[in-house]
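Below is one structure; the comments refer to it alone.
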Amino acid sequence: MKSLRHRLPSPNSLLVFEAAGRTLNFTRAAEELHVSQAAISKQVKYLEDYLECELFERTGRKVALTSMGKQLHQKVSASFNYLAGAVEELTDTDDQPVLTLAANTAVSHYWLGAAISAYQQRHPQQELNIRVVTSDTTEDLFAEEINIAIAYEPGLRSDWQMELLFAEELYPVTSPDYLQRHPFDGTRPEALLTHKLLDFEQIEPNWINWKVWLDALDIDPTGLDVSSLFNNYIMLIDAAKRGQGVALGSRYLLDDKLARGDLVRVGQTSMKSGRNYWIALNNSRPLSRKVLAVYDFLRKFTPV
Numbered sequence: 000m001k002s003l004r005h006r007l008p009s010p011n012s013l014l015v016f017e018a019a020g021r022t023l024n025f026t027r028a029a030e031e032l033h034v035s036q037a038a039i040s041k042q043v044k045y046l047e048d049y050l051e052c053e054l055f056e057r058t059g060r061k062v063a064l065t066s067m068g069k070q071l072h073q074k075v076s077a078s079f080n081y082l083a084g085a086v087e088e089l090t091d092t093d094d095q096p097v098l099t100l101a102a103n104t105a106v107s108h109y110w111l112g113a114a115i116s117a118y119q120q121r122h123p124q125q126e127l128n129i130r131v132v133t134s135d136t137t138e139d140l141f142a143e144e145i146n147i148a149i150a151y152e153p154g155l156r157s158d159w160q161m162e163l164l165f166a167e168e169l170y171p172v173t174s175p176d177y178l179q180r181h182p183f184d185g186t187r188p189e190a191l192l193t194h195k196l197l198d199f200e201q202i203e204p205n206w207i208n209w210k211v212w213l214d215a216l217d218i219d220p221t222g223l224d225v226s227s228l229f230n231n232y233i234m235l236i237d238a239a240k241r242g243q244g245v246a247l248g249s250r251y252l253l254d255d256k257l258a259r260g261d262l263v264r265v266g267q268t269s270m271k272s273g274r275n276y277w278i279a280l281n282n283s284r285p286l287s288r289k290v291l292a293v294y295d296f297l298r299k300f301t302p303v
């Protein structure tokens, strides 16, 4: 078998290609690698000649990866990150870098906080500086500095390893006190239209509100009258806990509150939306041992 030296092009050309393909800008790649733009162009041409194919499409000053370029870049990027992670395992010090997690408001408050606490309890001797970025705009969760993201139906993302975390399932919830004051007949979900229904503003179009939920169950939403509207999910659920009405609860996010009796289900009807929450690992950042350990823990975590 040939040695790696004979099977691979110049390692420097691969390093240059990774930077140029990630930035899609030869000038920025040159600045990052502290070389001239001419040096970037020379290494890219060498690699294209070596592989006998074009890796970039050039339109004026703009460049874009060809289909073969995209295929190669994905594997080169993953390989360099694997190597960087191996080096970090041997060079980790007590002064640990920040591990940045990202999720929307609901997931951060009701799921991620409990998951981080559980991880720290399981690894009490491990020094880990965790930073949480919270945003209800999906694009913010996939910023360059994020290591791990928990996202609702984010779609495919370049340089991110995606794995299904849990499916969305929604059912009505309220406080025990409210249900005692306003009994539910327990037969048909249409009876919910006579209750005080609480809802929240849709920041992104794929979020599910009462109208979408009722439509999915083939219930005419004509009589729908939302008594209170909130600008985020935390405020919505807090209002339900205080007995102000009935909200749509999300399985997995609110399981522990149902288990403790802070909230109770109203009837037995639930709706599986066909949408999912995903956990995503940023392959464009170094994959250290601790990042991978947290990722592996989160993807298996259940709050109760």
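Residue 22 in numbering that gives the first Met the number 0 sits at position 23 of the sequence shown, with consecutive numbering throughout. All C-beta atoms in this analysis are idealised placements derived from N, C-alpha and C, irrespective of residue type, glycine included.
- Under the three-state reduction of DSSP, D158 is assigned to coil, being neither helix nor strand.
- Taking P10 as reference, the option from F79, Y170, G59 with the minimal CA-CA separation is F79.
- Under the three-state reduction of DSSP, S269 is assigned to coil, being neither helix nor strand.
- Between L247 and L169, the C-beta spacing is below 8 Å.
- Taking the Cα positions, E162 is about 15 Å away from A292.
- DSSP places S287 in the coil class of the three-state scheme, outside both helix and strand.
- Residue pairing by DSSP places S227 opposite L197 in a beta bridge.
- The three-state secondary structure of E51, taken from DSSP, is coil.
- The segment 269-279 makes no contact with the segment 121-135: fewer than 3 CB pairs, one atom from each, lie closer than 8 Å.
- For I129, the closest of Y118, E138, T136, D135 by C-alpha to C-alpha distance is Y118.
- Fewer than three Cβ pairs drawn from the segment 137-152 and the segment 225-238 lie within less than 8 Å of each other, which leaves the two stretches out of contact.
- By the criterion of at least three beta-carbon pairs nearer than 8 Å, the segment 229-242 is in contact with the segment 195-209.
- When the Cα atoms are used, N281 and A148 turn out to be separated by approximately 8 Å.
- Going by beta carbons, L100 and K289 fall outside the 8 Å limit.
- In the three-state DSSP reduction, F165 falls in the strand class (E or B).
- Cα atoms of D261 and D254: separation of roughly 10 Å, rounded to the nearest angstrom.
- Judged by their CB atoms, S157 and G242 are not nearer to each other than the 8 Å cut-off.
- For T22, the enclosing alpha helix (DSSP H) starts and ends at 10-22.
- For Y177, the closest of V263, I218, D217 by C-alpha to C-alpha distance is V263.
- Residue Q267 holds the alpha-carbon nearest to the alpha-carbon of D184 among L127, Q267, G68, L235.
- The C-alpha of A18 is placed about 21 Å away from the C-alpha of L155.
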